[in-house]
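Student:
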Amino acid sequence: MPQTTMLPLDALKFPKVYVRGRISPAYVKELEAIARSAMQTDGKALDPARWPYPPIKVRPLPIEMYTAKEKRTKKDPKSGKTTTVTVEVQKPGPQFYEVDDGQHRTRAAKALEMAAIPAVIVKETEREAALTQLKDNLTHGLFLDKDARDTWIKYLVKDMKYSLRAIVAATKLSLASVSRIA
Numbered sequence: 015m016p017q018t019t020m021l022p023l024d025a026l027k028f029p030k031v032y033v034r035g036r037i038s039p040a041y042v043k044e045l046e047a048i049a050r051s052a053m054q055t056d057g058k059a060l061d062p063a064r065w066p067y068p069p070i071k072v073r074p075l076p077i078e079m080y081t082a083k084e085k086r087t088k089k090d091p092k093s094g095k096t097t098t099v100t101v102e103v104q105k106p107g108p109q110f111y112e113v114d115d116g117q118h119r120t121r122a123a124k125a126l127e128m129a130a131i132p133a134v135i136v137k138e139t140e141r142e143a144a145l146t147q148l149k150d151n152l153t154h155g156l157f158l159d160k161d162a163r164d165t166w167i168k169y170l171v172k173d174m175k176y177s178l179r180a181i182v183a184a185t186k187l188s189l190a191s192v193s194r195i196a
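Numbering (the working numbering), first residue to last: 15 to 196.
#1: Would you call the segment 61-76 and the segment 135-151 touching, i.e. three or more CB-CB distances under 8 Å?
#2: Report the rounded CA-to-CA distance for residue 116 versus residue 51, giving the unit in angstroms.
#3: Using three-state DSSP, classify residue 168 as helix, strand or coil.
#4: In chain order, what residues of the same chain have a beta carbon less than 7 Å from the beta carbon of residue 170, not counting five sequence neighbours either side?
#5: Is the separation between the beta-carbon of residue 23 and that of residue 129 shorter than 9 Å?
#6: Can you tell me whether DSSP reads residue 146 as helix, strand or coil?
#7: Ordered along the chain, which non-local residues of its own chain (more than five positions away) have a Cβ less than 8 Å from that of residue 27?
#8: Measure the alpha-carbon distance for residue 121 versus residue 172 and round it to whole angstroms.
#9: Using three-state DSSP, classify residue 48 as helix, strand or coil.
#10: Below 9 Å between beta carbons: does that hold for residue 131 and residue 65?
#11: Roughly how many angstroms lie between the CA atoms of residue 124 and residue 81, to the nearest whole one?
#12: Closer than 7 Å by C-beta to residue 77: which residues in its own chain qualify, once you throw out the five before and the five after it? Chain order, please.
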């Protein structure tokens, strides 16, 4: 089972395509209220360790390299003189993670001004994550209405090139239902 870790909220990115529909502000407010009441102890600061929800699922995004200028010293072997030169070097940028499951929880944590949130880092491709998101959201069933489910299945078939049978196997929906939707 993957290990839960605390990830800083500023390291999290939301996917460019959120096929599930829009993020419900009302639901985020509801989560925020539940989290606030569950985490406050004697009026002290919020304690992320007492977060009342399962950890979010995230995927590490590739680390982007950037060019930076550095001053380095260079010694001339003949004269023995040391000079300072400016060189360009490639450096890794910060590590970011894409939120695969838990966008509402992440937005609630941001609204509560938490610094970090419990997360599980999964090693899936973007394509695998899209199917896992549908499966997870059908399992917990929170605010996944029929229209959002149908849009998601169409996205998996059209854009992610999943077969109907693969979707049926992952989601336990009937082949007739998935065929009708797709």
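Using N, Cα and C, we set each Cβ at its ideal position, and we do this for glycine too. Since the structure is predicted, the reported quantities are computational estimates derived from the model, not experimental observations.
Tutor: In this structure, then:
#1: yes
#2: 19 Å
#3: helix
#4: 144, 145, 148, 176, 181
#5: yes
#6: helix
#7: 75, 110, 111, 112, 113
#8: 29 Å
#9: helix
#10: yes
#11: 31 Å
#12: 106, 107, 109
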